[in-house]
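Novice: Got a structure here, written out as structure tokens. Questions coming.
Numbering (my numbering), first residue to last: 1284 to 1387.
Put into structure tokens, the structure is as follows:
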């Protein structure tokens, strides 16, 4: 099984997604969605080429839509490095500033 590593920003994104989901939809749905996101990250780690190239934003960047969110990640020898997990309606380029993503 391959690994996925979260950037600090991706980890914060997941926290924010959970809190928003909890407040909006309740604990059961927040838990279910959070687990589905974690399952998606593991699936991407195991199959890193499932995501589409997002090189127009940042070289070697890939993205994959999961329900209402986009997972942005880089393929690594042992799995993936998750840069951000953003709502699909967000202004992606402003949240994927390459200068702010080098937390590896």
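Note that the Cβ used here is the ideal one computed from N, Cα and C, for glycine as well.
Have a look at 1315, 1365, 1319, 1320 and flag the residue whose alpha-carbon is nearest the alpha-carbon of residue 1343.
Specialist: Per the Cα distances, 1365.
Novice: Just to confirm the assignment, what range does the beta strand (DSSP E) spanning residue 1356 have?
Specialist: Per DSSP, residue 1356 belongs to the beta strand (DSSP E) from 1352–1359.
Novice: Kindly indicate the opening and closing residues of the beta strand (DSSP E) around residue 1344.
Specialist: 1344–1349 is the span of the beta strand (DSSP E), which, as asked, contains residue 1344.
Novice: Would you list the one or two residues that DSSP bridges to residue 1298?
Specialist: In the DSSP output, where bridge partners are listed per residue, residue 1298 has none listed.
Novice: Looking only at its chain, what residues have a beta carbon closer than 6 angstroms to the beta carbon of residue 1353, apart from the 5 residues adjacent to it on each side?
Specialist: Hits under 6 angstroms: 1346, 1369, 1371.
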